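Report on one structure; see the data block that follows.
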Amino acid sequence: MNSEIEEYLDHVDQWKLRLHEKLKRLTPAQRKAFWARIHEEARARGLPVVEPEKPAKRAKKRPSRS
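Under our numbering, the letters of the sequence shown match residues 493 to 558, in that order.
Put into structure tokens, the structure is as follows:
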């Protein structure tokens with residue numbers, strides 16, 4: 493039982509390392525497109541996908557009245 497878990501965890505570690513190496517070679521735009529495609533595939537499979545948090549918009553400074 494434990495050996496199966498360890499084999500699975502080793503497999504996950506190898507997958508993470510390969511993914512990291514792949515992502516290092518991509519430009520920021522390519523990375524964004526990659527993750528968008530992955531999220532769309534997950535949605536198509538019916539998996540729950542967390543939407544990325546958008547930074548809060550800063551209020552615009554009002555012009556000072558003199």
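Glycine residues also receive a C-beta, built at the ideal position from the N, C-alpha and C atoms.
Nothing here was measured: the structure is a model prediction, and the numbers come from that model.
Residue from the options with nearest C-alpha to residue i
i, options, result
"Pro540", "His531, Glu499, Lys516", "His531"
"Val542", "Trp527, Lys549, Ser495", "Trp527"
Contact under 8 Å by Cβ, residue i with residue j
i, j, result
"Leu515", "Arg523", "yes"
- Message: Suppose only complete runs of 4+ residues qualify. What are the alpha helix (DSSP H) ranges in the region 513-542, listed by chain order?
- Response: 520-536
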